[in-house]
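Take a look at the structure set out below.
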Amino acid sequence: MRTMQESARQCAGLFRLGRDIEAAVAMVELFAAAPALFALAPGATQEAFAALFSEMLAAQQRQDWLSLADSLEYELPNLIEQAAPR
Numbered sequence: 004m005r006t007m008q009e010s011a012r013q014c015a016g017l018f019r020l021g022r023d024i025e026a027a028v029a030m031v032e033l034f035a036a037a038p039a040l041f042a043l044a045p046g047a048t049q050e051a052f053a054a055l056f057s058e059m060l061a062a063q064q065r066q067d068w069l070s071l072a073d074s075l076e077y078e079l080p081n082l083i084e085q086a087a088p089r
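Sequential numbering of the sequence shown, starting at 4, is according to the working numbering.
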């Protein structure tokens with residue numbers, strides 16, 4: 004869990020630095036691991052993740068790197084925290 008949060012923040016940093024290709028590759032790797040974590044999460048957390056994922060894809064399509072970085076740095080780590088088994 005901690006690693007996913009750190010990966011999300013590092014990916015956000017890459018987008019903020021304008022390294023969008025490198026960041027996009029890191030984001031693909033990050034989201035490859037997400038289904039396993041969110042599959043066990045409560046329904047509300049799964050729905051929040053699906054909504055955030057859609058927003059992030061839309062931001063990526065608009066090339067709105069700052070909005071995408073904000074989601075990766077702040078919103079996604081919070082959802083990862085909520086999804087983590089206790």
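Heads up, the beta-carbon is just placed ideally off N, CA and C, and yes, glycines get one too.
Indicate the three-state DSSP secondary structure (helix, strand or coil) for residue i in the structure shown.
i: R65; result: coil
i: L82; result: helix
i: A36; result: helix
i: G21; result: coil
i: A87; result: coil
i: A44; result: coil
Are the beta-carbon atoms belonging to residue i and residue j less than 8 Å from one another?
i: L55; j: S74; result: yes
i: T48; j: Q85; result: yes
i: M7; j: L43; result: no
i: L82; j: A53; result: no
i: A36; j: L17; result: no
Verify the contact flag: residue i, CB atom, against every heavy atom of the ligand GTP, threshold strictly below 7 Å.
i: T48; result: The ligand GTP is not among the ligands present in this structure, which contains no ligands whatsoever.
Comparing alpha-carbon positions, which option in the options lies nearest residue i?
i: A27; options: A37, P38, A36 and A15; result: A15
i: L20; options: L82, E78, P80 and D67; result: D67
i: V31; options: E78, S10 and T48; result: S10
i: C60; options: M7, F34, E84 and F41; result: In the sequence as displayed, the identity of residue 60 is Leu instead of Cys. For the residues M7, F34, E84 and F41, the minimum Cα distance to L60 belongs to F34.
i: S57; options: A44, P45 and E78; result: E78
Does residue i pass the burial test, meaning 16 or more other C-beta atoms within 10 Å, or should it be called exposed?
i: P38; result: exposed
i: P45; result: exposed
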